[in-house]
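Quick note, the sequences are listed as chains A and B, same order. For what it's worth, the numbering used here labels the leading residue of the first sequence as 29, then goes sequentially. For what it's worth, the numbering used here labels the leading residue of the second sequence as 85, then goes sequentially. Written below as structure tokens is the structure these notes are about.
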Amino acid sequence: MDILGIPILSFLIFFPLAGAVLLLFLKKDETIRWVTLVVALIEFVVSLPLFFRFDSTTAAMQFLEDWWWVEAYGISYKIGIDGISLLLVLLTTFLTVLCVLCSWTAITFRVKEYMVSFLFLETGMVGALVALDLILFYVFWEVMLIPMYLLIGVWGNPARRIYAAIKFFLFTMAGSVLMLVAILALYFINLKATGKATFDVLELYKLGIPVGTQYWLFGAFALAFAIKVPMFPFHTWLPDAHTEAPTAGSVILAGVLLKMGTYGFIRFAIPLFPHAALELMPLISVLALIGIIYGALVSMMQPDLKRLVAFSSVSHLGYVMLGMFALNTQGVQGSIYQMLNHGISTGSLFLIVGMIYERRHTRLIADFGGISKVMPVFAVFFMIVTLSSIGLPSTNGFVGEFLILLGAFQANTVYGVLAAVGVILGAAYMLWMFQRVMFGKITNPKNEGLKDLNAREILTLIPMIALIFLMGIYPKLFFSKMDVSVEKFLKDFRGKVEMKADLTVPKVVAEIKK
Amino acid sequence: MLDYVWLIPLFPAIGFLINGLLGRRLGKGVVSVVGPAAIGLSFLTSILIFFELIGKPASERHFEKVIFDWVVSGSFQTVIGYQIDPLSILMALVVTGVSFFIHIYSVGYMHDDPGYTRYFTYLNLFVFMMLNLVLANNFLLMFVGWEGVGLCSYLLIGFWYEKDSAANAGKKAFVVNRVGDFGFILGMFLIFVNLGTLDFTDAFAKAGQLDTATVTAITLLLFVGACGKSAQIPLYVWLPDAMEGPTPVSSLIHAATMVTAGVYMVARCSVLYNMAPIAMAVVAIVGVATAIFTASIGFCQYDLKKILAYSTISQLGYMFLAVGVGAYSAGIFHLMTHAFFKGLLFLGAGSVMHALSGELDIRKMGALRSKIPITFGTFFIATLAIAGIPGLSGFFSKDEILWMAFSSPRGHFLLWMVAAIAAGMTAFYMFRALFMTFFGESRVDHHVAHHIHESPKIMTVPLMVLAFLSIVGGYVGVPHVLGGANHIHEFLAPVVGGGPEPGKAHAGFSILAQAWAAGGAQGGHSTALELFLMVLSVLIALTGIGIAYFLYLKNPILPKRLAEQYSGLYRLVANKYYVDELYQVLFVNSLKKLGMGLWKGFDEFIIDGTVNGIAYFIGWLSSLMRRMQTGFVQNYAVSMIVGGVILALYYIMRAFF
Chain A
29 MDILGIPILS
39 FLIFFPLAGA
49 VLLLFLKKDE
59 TIRWVTLVVA
69 LIEFVVSLPL
79 FFRFDSTTAA
89 MQFLEDWWWV
99 EAYGISYKIG
109 IDGISLLLVL
119 LTTFLTVLCV
129 LCSWTAITFR
139 VKEYMVSFLF
149 LETGMVGALV
159 ALDLILFYVF
169 WEVMLIPMYL
179 LIGVWGNPAR
189 RIYAAIKFFL
199 FTMAGSVLML
209 VAILALYFIN
219 LKATGKATFD
229 VLELYKLGIP
239 VGTQYWLFGA
249 FALAFAIKVP
259 MFPFHTWLPD
269 AHTEAPTAGS
279 VILAGVLLKM
289 GTYGFIRFAI
299 PLFPHAALEL
309 MPLISVLALI
319 GIIYGALVSM
329 MQPDLKRLVA
339 FSSVSHLGYV
349 MLGMFALNTQ
359 GVQGSIYQML
369 NHGISTGSLF
379 LIVGMIYERR
389 HTRLIADFGG
399 ISKVMPVFAV
409 FFMIVTLSSI
419 GLPSTNGFVG
429 EFLILLGAFQ
439 ANTVYGVLAA
449 VGVILGAAYM
459 LWMFQRVMFG
469 KITNPKNEGL
479 KDLNAREILT
489 LIPMIALIFL
499 MGIYPKLFFS
509 KMDVSVEKFL
519 KDFRGKVEMK
529 ADLTVPKVVA
539 EIKK
Chain B
85 MLDYVWLIPL
95 FPAIGFLING
105 LLGRRLGKGV
115 VSVVGPAAIG
125 LSFLTSILIF
135 FELIGKPASE
145 RHFEKVIFDW
155 VVSGSFQTVI
165 GYQIDPLSIL
175 MALVVTGVSF
185 FIHIYSVGYM
195 HDDPGYTRYF
205 TYLNLFVFMM
215 LNLVLANNFL
225 LMFVGWEGVG
235 LCSYLLIGFW
245 YEKDSAANAG
255 KKAFVVNRVG
265 DFGFILGMFL
275 IFVNLGTLDF
285 TDAFAKAGQL
295 DTATVTAITL
305 LLFVGACGKS
315 AQIPLYVWLP
325 DAMEGPTPVS
335 SLIHAATMVT
345 AGVYMVARCS
355 VLYNMAPIAM
365 AVVAIVGVAT
375 AIFTASIGFC
385 QYDLKKILAY
395 STISQLGYMF
405 LAVGVGAYSA
415 GIFHLMTHAF
425 FKGLLFLGAG
435 SVMHALSGEL
445 DIRKMGALRS
455 KIPITFGTFF
465 IATLAIAGIP
475 GLSGFFSKDE
485 ILWMAFSSPR
495 GHFLLWMVAA
505 IAAGMTAFYM
515 FRALFMTFFG
525 ESRVDHHVAH
535 HIHESPKIMT
545 VPLMVLAFLS
555 IVGGYVGVPH
565 VLGGANHIHE
575 FLAPVVGGGP
585 EPGKAHAGFS
595 ILAQAWAAGG
605 AQGGHSTALE
615 LFLMVLSVLI
625 ALTGIGIAYF
635 LYLKNPILPK
645 RLAEQYSGLY
655 RLVANKYYVD
665 ELYQVLFVNS
675 LKKLGMGLWK
685 GFDEFIIDGT
695 VNGIAYFIGW
705 LSSLMRRMQT
715 GFVQNYAVSM
725 IVGGVILALY
735 YIMRAFF
């Protein structure tokens with residue numbers, strides 16, 4: 029399917045970039061905001077046919093585009109989506125619109141640069157999600173880094189934004205450099221084994237790599253992704269980045285950027301190195317479990333709303349990883365669903381925190397109390413989002429969490445039981461936070477005159493609320509898109525793991541060593 | 085009509101949406117109509133369906149209606165679907181019926197509250213969730229209702245959220261319930277892993293495949309959920325605090341409907357429980373222990389609603405005792421009669437509060453009998469019912485439980501004895517409350533005294549309706565021994581089974597054993613014994629009432645003196661055995677400390693310390709390097725010369741050695 033003669037996925041990658049270029053010629057802040065909004069909206073509308081025209085009966089890549097980029101080295105511009113990436117692409121285009129909306133009045137200086145960064149970021153995110161060539165993926169992966177670095181470092185909270193931005197950059201870089209080495213190693217292994225120069229991930233899936241080598245390569249990929257997720261104990265950049273970033277930065281960071289880590293596992297690390305993934309499953313599951321419980325406990329004690337939500341992300345992403353590494357249908361599907369859920373629930377939480385931050389210029393829980401009284405509409409939205417975050421049945425969070433727990437329970441009873449403990453803690457820290465912010469009497473006179481949400485803010489939140497319930501009540505709409513792809517993912521995984529016996533000959537590695 | 089089962093939960097859902105989205109614009113008048121009308125229509129539908137159901141032969145009284153596919157992932161398939169059978173329709177009738185009258189009562193009770201619309205929105209949502217709980221045809225949808233009613237409970241307990249105590253109580257209820265739900269979820273997992281389905285009909289049909297260990301684990305885990313929702317030891321602590329909510333809420337949610345969900349769930353899973361004798365014993369023991377433990381707390385409370393709350397926990401304990409000994413229909417029977425009389429007691433307490441400007445302390449009441457006669461009359465009826473006075477509903481249901489606790493093959497003499505003592509205690513603390521509130525001398529505050537007035541019709545009519553039900557509600561279950569037909573037992577039998585046959589004489593008490601033996605063969609023996617025990621339990625109840633009369637009407641100073649004489653014991657009981665304090669230290673404080681320690685100690689010190697440490701180390705290293713770049717030519721010259729000398733020396737040495 030083409031848009032203006034351009035294949036749809038390419039359009040989705042480069043349209044925001046074109047929008048960003050257009051912004052460079054504009055002067056007035058108001059115009060820039062509107063143009064950005066229109067660009068983001070068009071992008072979103074164009075992405076919708078992906079959903080409706082998606083063939084959910086096949087696991088093959090769809091909307092495929094495949095051209096040579098650097099033919100000599102086998103680098104191609106190969107993009108496409110399957111049931112796993114489809115929903116994440118939609119989440120990206122959807123959240124970007126909301127991010128533009130919520131930056132409307134929050135960003136007051138260098139609006140142009142801000143919006144340019146944001147659109148640039150969107151290009152990076154969509155690109156990384158649809159790339160099927162490892163070099164292409166790596167390029168987009170790094171492209172995402174720069175605008176996010178700027179968003180935190182320039183428009184962040186003055187006190188610690190530089191520290192947070194650099195920390196974010198260094199953590200992510202540290203992982204991705206190793207990943208680059210692993211990508212090159214993979215390329216050479218394939219070259220020796222098949223004589224074909226390619227970075228095409230679908231080709232590389234077919235490669236049988238000796239188990240010993242898989243450990244190293246998987247380790248490099250996994251480290252890059254684990255930092256991005258972030259998994260315990262690589263998570264400490266996240267609270268800083270979230271806290272210091274502007275609202276939209278936090279939303280997109282939680283909503284999409286973290287998902288790049290989990291998506292990386294499911295698209296690259298696991299299918300490329302299945303034996304290593306299987307062998308390291310206990311390690312990753314245990315780290316995920318620690319993340320779930322640890323994130324919840326630390327979150328409970330945070331005095332700052334954004335830090336609290338950030339640590340809750342550590343806990344939620346722990347569920348995503350746990351489900352994925354259960355490596356069964358319910359676990360993996362729940363995991364993918366929870367990626368979307370987290371984008372929506374935690375994204376909404378950041379929107380909500382941003383809304384009261386704009387009014388009060390503080391995020392400390394102790395500065396609030398009794399807000400329900402003065403902002404009843406806000407209270408309703410906040411309550412619904414909180415419930416979604418703690419996975420109340422009939423909201424989206426429940427479906428994902430339940431399937432993950434079920435998947436984990438089937439993989440290993442103890443994992444399931446321990447992860448379920450996190451569900452109790454989740455309710456505790458979220459409701460305690462909600463109570464301290466919203467309930468009680470207004471003790472701080474500054475809170476007395478707070479204005480309730482305006483139309484723009486309500487408009488920003490309503491789509492989120494609608495999705496929370498739609499995904500909670502009729503999940504089939506989304507599961508039907510990913511069913512076949514997940515089954516294929518698992519079938520391939522099991523198939524390769526069973527071939528283990530054939531891989532013991534370290535022929536390929538021996539050749540490389542020469 | 086059966087095909088329209090979905091209408092039962094739909095009406096409250098519509099009421100919820102109308103009031104929730106438009107309530108503020110529509111105004112109080114419309115809200116007052118929409119709220120109760122939604123439940124009324126739902127009640128009406130339930131009645132129609134009930135009559136259609138009993139028109140069918142007993143074996144065909146089962147109907148399922150699937151609405152749409154819900155969570156579907158690989159082999160895991162669940163639907164949104166409802167089922168109608170004797171158990172679910174009975175629950176639906178109790179829920180919608182009692183709710184309807186409490187909604188009407190609320191129109192009067194909440195009339196001047198600024199949160200009027202919000203109140204009815206929540207209340208409709210609650211009924212919707214509760215109906216999903218009881219009508220669901222699978223575990224997962226039941227769980228939706230299960231957590232959904234928990235949410236409404238949370239919202240309504242914390243309805244007056246500006247009060248810290250209310251907000252705290254709401255949160256406590258939710259979190260403690262989540263502990264229970266943890267068990268429920270794991271129970272579901274075990275069912276799915278072993279049977280491949282969460283559908284009730286399927287799962288129970290395949291239950292035979294389960295080995296005893298698994299089924300015991302499943303039923304115990306589900307029971308953990310029941311302990312949370314139905315406030316049993318050790319998870320009962322949230323219910324007394326839940327009294328922070330508006331009184332009709334306490335009546336509807338925390339007495340008549342939601343808290344009985346656990347009993348319903350055990351009865352629904354009777355097939356599973358019957359396969360797990362150990363789990364059943366646990367259910368029965370926890371039930372009876374809760375019954376007597378919380379009844380004793382009721383002795384020393386002065387807050388009228390708190391007394392009723394502990395009483396509710398205690399009565400729920402009876403219901404679990406019943407289902408624990410396999411007498412599911414007796415448990416459900418008591419669930420129903422309890423919904424009438426306990427719902428009424430709470431509404432009565434609300435009416436007292438209404439008369440006394442919100443006063444709840446029974447030490448500041450007294451002699452209200454003649455001032456609020458309708459409230460008194462109905463409250464009195466309910467008190468008689470809960471005390472187990474013959475002829476009222478509570479007598480029939482409680483007595484059946486006592487008899488089953490004794491005679492069921494899963495019963496035991498000790499279960500019966502503890503339950504019987506608790507029954508006496510119930511009679512005592514209820515009459516204590518009754519006497520202190522309505523009899524004796526007035527201790528009402530002067531400012532309040534001249535305002536005392538009976539509640540308006542809109543509140544008293546629901547009281548009268550429930551009083552009527554508290555009297556006649558028991559006649560659907562008159563035992564055979566009194567010449568009745570025990571209709572409710574027959575009605576529920578297709579779902580929960582015929583119940584245990586009286587099977588053995590318990591050696592615990594020789595007179596009883598002799599009475600049993602004297603009865604002779606086949607049923608004969610049990611008739612004599614059943615009548616004997618019945619008389620005994622009535623005597624125990626009368627004793628309780630007598631003591632209450634003696635202490636609180638005849639010698640009102642005596643209780644105080646007793647409290648002083650046994651001050652240690654009194655303080656222990658008055659402080660509810662310090663269980664809340666214990667939990668605070670064990671769980672809340674220690675988790676907070678752990679969280680703080682992990683944050684400050686691990687996250688900031690170890691991880692970030694390492695990261696920042698590396699950064700500082702590199703910074704330090706480069707600052708060392710930087711020192712070499714001094715910019716002074718002399719320094720560079722010196723290092724050049726030194727370097728040159730070293731090189732020269734090196735080559736000289738090499739040449740010679």
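All C-beta atoms, glycine included, are put in the ideal place defined by N, C-alpha and C.
- Item | Same chain, Cβ closer than 6 angstroms to Asp30 (chain A), five either side skipped, listed in chain order | Result list for Asp30 (chain A): empty, nothing under 6 angstroms.
- Span separating the alpha-carbon of Val709 (chain B) from that of Thr357 (chain A): A quick correction: the sequence has Met, not Val, at residue 709 (chain B). Within the model, the alpha-carbon separation for Met709 (chain B) versus Thr357 (chain A) is close to 56 angstroms.
- Message: Please identify, using Cβ separations under 7 angstroms, the residues of the stretch 265–282 of chain B that lie next to chain A, in order along the chain.
- Response: Along the stretch 265–282 of chain B, the positions whose C-beta sits under 7 angstroms from a C-beta of chain A are Phe266, Ile269, Leu270, Phe273, Phe276 and Val277, read in chain order.
- Task: Give the DSSP bridge partners of Phe147 (chain B), in chain order.
- Result: According to DSSP, Phe147 (chain B) shares a beta bridge with B:Ile168.
- Of all the CB atoms in chain A, is at least one closer than 9 angstroms to the CB of Phe523 (chain B)? False, the Cβ-Cβ gap to chain A never drops below 9 angstroms.
- Would you verify that the beta carbon of Pro261 (chain A) is, or is not, closer than 9 angstroms to some beta carbon of chain B? With 9 angstroms as the cut-off, Pro261 (chain A) counts as an interface residue toward chain B.
- Under the three-state reduction of DSSP, which class applies to Tyr105 (chain A): helix, strand or coil? Here Tyr105 (chain A) sits in strand by DSSP.
- Residues in its own chain within less than 8 angstroms of Met488 (chain B) by CB, not counting five upstream and five downstream? So the qualifying residues of the chain are Ala406, Val409, Gly410, Ala411, Ala414, Gly495, Gly583 and Pro584.
- In the structure shown, what three-state DSSP assignment does Leu452 (chain B) receive? Under the three-state reduction of DSSP output, Leu452 (chain B) falls in the coil class, being neither helix nor strand.
- Identify the continuous beta strand (DSSP E) that holds Leu92 (chain A) and give its terminal residues. From DSSP, the beta strand (DSSP E) with Leu92 (chain A) extends over Gln90 to Val98.
- Alpha-carbon to alpha-carbon, Ile485 (chain B) and Val565 (chain B): Distance from the CA of Val565 (chain B) to the CA of Ile485 (chain B), rounded to the nearest whole angstrom, comes to 14 angstroms.
- Report buried or exposed for Val144 (chain A), applying the criterion of at least 16 other Cβ atoms within 10 angstroms of its Cβ. A buried status is given to Val144 (chain A), since no fewer than 16 other beta-carbon atoms sit within 10 Å of its beta-carbon.
- Task: Let me know if His535 (chain B) comes out buried or exposed under the rule of 16 or more other beta-carbons within 10 Å of its beta-carbon.
- Result: Flag for His535 (chain B) reads exposed.
- Task: Buried or exposed for Lys638 (chain B), please, with buried defined as at least 16 other CB atoms from any protein chain shown within 10 angstroms of its CB.
- Result: Flag for Lys638 (chain B) reads exposed.
- Task: Work out the CA separation of Gly165 (chain B) and Phe184 (chain B) for me, nearest whole Å.
- Result: Distance between the alpha carbons of Phe184 (chain B) and Gly165 (chain B) is about 24 angstroms.
- Message: Just to confirm my understanding: we take Leu428 (chain B), look at its own chain, exclude 5 residues before and 5 after, and list those with CB closer than 7 angstroms. What are they?
- Response: Within the same chain, Leu428 (chain B) has close Cβ partners Thr462, Ala466, Leu547, Leu550, Ala551 and Ser554.
- Which residue spans inside the stretch 95–140 of chain B form an unbroken alpha helix (DSSP H) run of at least 4? You should have 107–138.
- Item | Distance CB(Tyr243 (chain A))-CB(Asp520 (chain A)) smaller than 9 angstroms | No, the pair does not count as a contact, with Cβ atoms beyond the cut-off.
- Item | For Val163 (chain B), the residue or residues it bridges with in DSSP | DSSP output for Val163 (chain B) lists B:Asp153 as bridge partner(s).
- Message: Quick check on the DSSP output: the alpha helix (DSSP H) that includes Glu71 (chain A) runs from which residue to which?
- Response: Glu71 (chain A) -> alpha helix (DSSP H) spans Asp57 to Arg81.
- Message: Checking the sheet assignment: what are the DSSP bridge partners for Leu392 (chain A)?
- Response: Note: Leu392 (chain A) sits in a beta bridge opposite A:Asp332.
- At a CB-CB cut-off below 7 angstroms, which residues of chain A make contact with Arg711 (chain B)? Within 7 angstroms Cβ-Cβ: nothing; Arg711 (chain B) doesn't reach chain A, min ~24 angstroms.
- Identify each residue in the stretch 225–248 of chain B for which the Cβ-Cβ distance to at least one residue of chain A is less than 7 angstroms, and report them in chain order. Taking 7 angstroms as the Cβ-Cβ cut-off against chain A, the residues of the stretch 225–248 of chain B that qualify are Phe227, Val228, Glu231, Gly232, Leu235, Gly242, Tyr245, Glu246 and Asp248.
- If you draw a straight line from the C-alpha of Leu282 (chain B) to the C-alpha of Met272 (chain B), how long is it? Looking at the two C-alpha atoms, the distance is approximately 7 angstroms.
- Would you say Tyr347 (chain A) faces chain B, with C-beta separation under 9 angstroms as the test? No, Tyr347 (chain A) lies away from the interface with chain B (no Cβ there is under 9 angstroms from its Cβ).
- Item | Of the listed residues B:Val372, B:Tyr394, B:Leu388 and B:Thr374, nearest to Gly382 (chain B) (C-alpha basis) | Comparing Cα-Cα distances from Gly382 (chain B) to each of B:Val372, B:Tyr394, B:Leu388 and B:Thr374, the minimum goes to B:Tyr394.
- Query: If you measure from the beta carbon of Val680 (chain B) to each beta carbon in chain A, is any gap under 9 angstroms?
  - Reply: Residue identity check: residue 680 (chain B) is Met in the sequence provided, not Val. Taking Cβ atoms only, chain A reaches closer than 9 angstroms to Met680 (chain B), which makes this a yes.
- Item | Candidates A:Thr271, A:Ala354, A:Tyr322 and A:Trp183: closest to Val442 (chain A) by CA position | Taking Val442 (chain A) as reference, the option from A:Thr271, A:Ala354, A:Tyr322 and A:Trp183 with the minimal CA-CA separation is A:Ala354.
- Give the C-beta separation of Leu281 (chain A) and His270 (chain A) to the nearest angstrom, bearing in mind that I take them to be a contact with Cβ-Cβ under 8 angstroms. Their Cβ separation, rounded to whole angstroms, is 6 angstroms, which keeps Leu281 (chain A) and His270 (chain A) in contact under 8 angstroms.
- When the distance is taken between beta carbons, is Thr180 (chain B) closer than 9 angstroms to Asn103 (chain B)? Cβ distance not < 9 angstroms, so Asn103 (chain B) and Thr180 (chain B) don't count as in contact.
- Short Cβ contact (9 angstroms threshold) for Phe276 (chain B) with Leu459 (chain A): For the 9 angstroms CB-CB criterion, Phe276 (chain B) and Leu459 (chain A) do not form a contact.
- Query: At which residues does the alpha helix (DSSP H) containing Met420 (chain B) begin and terminate?
  - Reply: Per DSSP, Met420 (chain B) belongs to the alpha helix (DSSP H) from Tyr412 to Ala439.
- Whole alpha helix (DSSP H) runs in the stretch 608–692 of chain B with 4 or more residues, listed along the chain? Under the rule that a run must span 4 or more residues, the alpha helix (DSSP H) segments found entirely inside the stretch 608–692 of chain B read 608–633, 642–649, 651–658, 663–667 and 674–681.
- Message: Would you say Met403 (chain A) lies against chain B (beta-carbon separation less than 9 angstroms)?
- Response: No, no contact with chain B.
- Query: Leu20 (chain A): which of A:Met329, A:Leu415 and A:Leu162 sits nearest, CA to CA?
  - Reply: The structure shown does not extend to residue 20 (chain A), since chain A is modelled only from 29 to 542, so the question has no answer here.
- Around the C-beta of Asp110 (chain A), are 16 or more other C-beta atoms found within 10 angstroms, so that it is buried, or is it exposed? Buried.
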